[in-house]
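Working notes, beginning with the structure itself.
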Amino acid sequence: MKKIEEGKMHVPAIKNGSVIDHIPVDQLPKVVAILNLYASEYPLTIGQNFKSKKLGKKGLIKVEEKFFTPEEVNTLALVCPDIVINVIRDYDVVEKIHVQLPDRITGLVRCTNPKCITNNEPMQSDFEVLDKKQVRLKCNYCTRKIEKDEVELTHYKNNTHS
Ligand SMILES: Nc1ncnc2c1ncn2[C@@H]1O[C@H](COP(=O)(O)OP(=O)(O)OP(=O)(O)O)[C@@H](O)[C@H]1O
Ligand SMILES: [Mg+2]
Ligand SMILES: [Zn+2]
Numbered sequence: 018m019k020k021i022e023e024g025k026m027h028v029p030a031i032k033n034g035s036v037i038d039h040i041p042v043d044q045l046p047k048v049v050a051i052l053n054l055y056a057s058e059y060p061l062t063i064g065q066n067f068k069s070k071k072l073g074k075k076g077l078i079k080v081e082e083k084f085f086t087p088e089e090v091n092t093l094a095l096v097c098p099d100i101v102i103n104v105i106r107d108y109d110v111v112e113k114i115h116v117q118l119p120d121r122i123t124g125l126v127r128c129t130n131p132k133c134i135t136n137n138e139p140m141q142s143d144f145e146v147l148d149k150k151q152v153r154l155k156c157n158y159c160t161r162k163i164e165k166d167e168v169e170l171t172h173y174k175n176n177t178h179s
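In the numbering used here, the protein residues as written are 18 to 179.
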């Protein structure tokens with residue numbers, strides 16, 4: 018049997034699709050949730066605890082035949098600004114998308130104010146992004162400010178990113 022070279026590809030190559038790389042291991046479920054990947058019909062590989070020079074251990078996700086728009090992946094900056102989406106065409110990395118928070122986030126994050134209308138009516142939350150690097154959000158309904166470690170995702174199944 019052929020010995021796999023250390024540091025080389027962790028899971029089989031894909032011909033066309035996306036490789037989401039440099040995911041902090043503890044954030045892997047959130048990445049899956051934000052992109053709604055379990056709802057996707059494309060072949061999906063989720064890798065955990067792979068060796069990484071930068072992170073020590075990392076998570077990595079491969080989605081065959083799926084090409085994300087920057088808008089679809091930008092909210093991943095909520096969980097980690099260092100995540101990179103590699104666009105694979107004909108087995109080669111042809112583009113790297115670096116994530117950056119948009120100016121506004123709708124229907125993805127729960128407002129921490131239990132009295133906020135978005136927690137009491139069947140409606141989407143809506144935040145203005147105050148700080149894209151540190152991650153600070155402001156609810157457009159009740160003005161509650163949310164810091165990075167308070168970010169909780171709403172019913173992500175309603176986010177049809179797939
Ligand atoms: N055809 C492919 N199928 C599946 N995964 C791939 C394919 N090509 C590259 N990858 C994976 O995509 C990621 C990025 O590949 P790249 O060759 O850019 O590596 P890199 O130079 O280490 O990039 P970075 O600096 O972003 O870590 C790696 O995890 C690599 O294993
Ligand atoms: Mg690398
Ligand atoms: Zn609110």
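Note that CB positions come from ideal geometry on N, CA and C, so glycine has one too.
Checklist entry - Three or more C-beta pairs closer than 8 angstroms, one from the stretch 31-40 and one from the stretch 77-84: is that the case here? => result yes
Item to check | Assigned secondary structure, L54 (DSSP; H/G/I helix, E/B strand, else coil) | outcome: The count along the sequence shown starts at 1 and reaches residue 54 at position 37. Helix, per DSSP.
Item to check | Pairwise C-alpha distance: L125 and T171 | outcome: The residue you call residue 171 lines up with position 154 of the sequence shown. The residue you call residue 125 lines up with position 108 of the sequence shown. Distance between the alpha carbons of T171 and L125: 5 angstroms.
Checklist entry - Could you give the C-beta distance for I40 and I105, rounded to a whole number, given that I count them as a contact under 8 angstroms? => result Sequence index remark: in the sequence shown, residue 40 carries index 23 (1-based). Sequence index remark: in the sequence shown, residue 105 carries index 88 (1-based). Incorrect: roughly 16 angstroms between the Cβ atoms, too far for contact.
Checklist entry - Looking only at DSSP bridge pairs, what is P145 linked to? => result Position 128 of the sequence shown, counted from the first residue, corresponds to residue 145. Strictly speaking, residue 145 in this sequence is Glu, with Pro absent from that position. Under the DSSP definition of a beta bridge, E145 partners with R121, K155.
Item to check | Continuous beta strand (DSSP E) stretch holding V96: start and end | outcome: Looking up residue 96 in the sequence shown gives position 79. No residue range can be given for V96, since it is assigned to no beta strand (DSSP E) and is classified by DSSP as neither H nor E.
Next on the checklist: Y108 and E82 - do their beta-carbons sit closer together than 8 angstroms?
Outcome noted: Locating residue 82 in the sequence shown gives position 65, counting from the first residue. Locating residue 108 in the sequence shown gives position 91, counting from the first residue. It is not a contact, given that the beta carbons lie outside the stated cut-off.
Item to check | Cβ distance (whole Å) where V96 is taken to contact Q44 below 8 angstroms | outcome: If you number the sequence shown from 1, residue 96 lands on position 79. If you number the sequence shown from 1, residue 44 lands on position 27. So it is a contact: roughly 4 angstroms between Cβ atoms.
Next on the checklist: Which of the three DSSP states is assigned to E112 in this structure?
Outcome noted: Here residue 112 corresponds to residue number 95 of the sequence shown, with the count starting at 1. Correct three-state label for E112: strand.
Next on the checklist: Given this structure, state the Cα-to-Cα distance separating K162 from E138, to the nearest angstrom.
Outcome noted: As a first step, residue 162 is located in the sequence shown; it is residue number 145 there, counting from the start. As a first step, residue 138 is located in the sequence shown; it is residue number 121 there, counting from the start. Distance between the alpha carbons of K162 and E138: 20 angstroms.
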